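Numbering-wise, the numbering used here puts 95 at position 92 of the sequence shown, and it's gapless, one number per residue. Yeah, the Cβ is synthetic: ideal placement off N, Cα and C, and Gly gets one too. All values reported here derive from a predicted model rather than from experimental measurement.
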Amino acid sequence: DEALRIVLARLYLRTGKAELAADIIDKIGAADRTSKDPKLLTFRSRVYQRVGRADAARKMLETALGEARTVSVRMKLSEALADLHLRANRPEDAARTLDGLGQATPKNYFYRKRAADALSQRGLHEQAVGQYREILALVEKETAKRCEVLRKLGQSLEKLSRRGDAIKAYTQ
4 DEALRIVLAR LYLRTGKAEL AADIIDKIGA ADRTSKDPKL LTFRSRVYQR
54 VGRADAARKM LETALGEART VSVRMKLSEA LADLHLRANR PEDAARTLDG
104 LGQATPKNYF YRKRAADALS QRGLHEQAVG QYREILALVE KETAKRCEVL
154 RKLGQSLEKL SRRGDAIKAY TQ
């Protein structure tokens with residue numbers, strides 16, 4: 004029964020009837036308060052965003068983030084939550100969300116770089132610079148990775164109009 008309601012809500016969403024989709028999603032939540040599946044919570048968040056219920060959408064993403072079992076899923080959810088914060092004109096919250104994502108995996112180059120790149124892509128260059136500088140310590144002896152991080156660091160510094168620092172990063 005729940006699966007059919009989700010399919011129906013998806014159909015309504017695709018046909019531009021977001022209000023009807025929200026009504027169906029609300030009924031799923033009322034019938035089963037124990038449902039903490041990150042996929043369902045993410046879908047609910049998307050529906051709530053479409054109907055202009057940003058606070059409910061944010062709560063769904065935060066709950067999904069808490070329930071996510073893998074770092075990969077947490078990454079996607081953190082990026083979605085950061086985007087929601089940016090749409091609400093709260094860049095500090097977006098930066099905090101993505102910074103937390105990078106700090107959650109302090110020794111993993113791939114995840115740290117992805118968090119720093121996410122900050123940079125969203126125009127949060129000051130925080131990205133901090134993340135890139137921290138990543139440099141992880142890749143001191145790996146030339147290719149170090150060059151990539153220095154290039155990204157330089158790009159973020161350029162966006163901040165700190166050309167002198169950018170040149171130093173490029174020539175390290």
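Item to check | T108, DSSP secondary structure in three states | outcome: Residue state, collapsed to three classes: coil.
Next on the checklist: What does the Cβ neighbour count give for A131, buried or exposed, with the cut at 16 atoms within 10 Å?
Outcome noted: The residue is buried, with at least 16 neighbouring Cβ atoms inside 10 Å.
Item to check | Whole-angstrom C-beta distance between A60 and L87, which should lie under 8 angstroms | outcome: Right, their Cβ atoms sit about 6 angstroms apart.
Checklist entry - Is the Cβ-Cβ distance between L64 and L80 less than 8 angstroms? => result Yes, they are a contact pair.
Checklist entry - Between V50 and K148, what straight-line distance do the alpha-carbon atoms span, to the nearest angstrom? => result Their backbone Cα atoms lie some 39 angstroms apart in a straight line.
Item to check | Member of Q52, N111, K39, A97 whose CA lies at the smallest distance from the CA of V74 | outcome: Of Q52, N111, K39, A97, the residue nearest in Cα terms is N111.
Checklist entry - Between the C-alpha atoms of A169 and R99, what's the straight-line distance to the nearest angstrom? => result A direct Cα-Cα distance of roughly 24 angstroms separates A169 from R99.
Checklist entry - Does the separation of the CB atoms of L127 and A97 fall below 8 angstroms? => result Yes, they are a contact pair.
Checklist entry - Thinking just about the alpha-carbon of each residue, which of A57, D58, I27 is nearest to the one in L184? => result Because the chain in this structure spans residues 4 to 175, residue 184 falls outside the shown range and cannot be described.
Next on the checklist: So within the segment 39-81, which uninterrupted alpha helix (DSSP H) runs reach at least 4 residues, ignoring any that extend past its ends?
Outcome noted: DSSP runs (the alpha helix (DSSP H)) wholly in the segment 39-81: 41-53, 57-70.
Next on the checklist: Considering only their Cβ atoms, is the gap separating R77 from A71 smaller than 8 angstroms?
Outcome noted: When the beta-carbon positions are compared, A71 and R77 come within less than 8 angstroms of each other.
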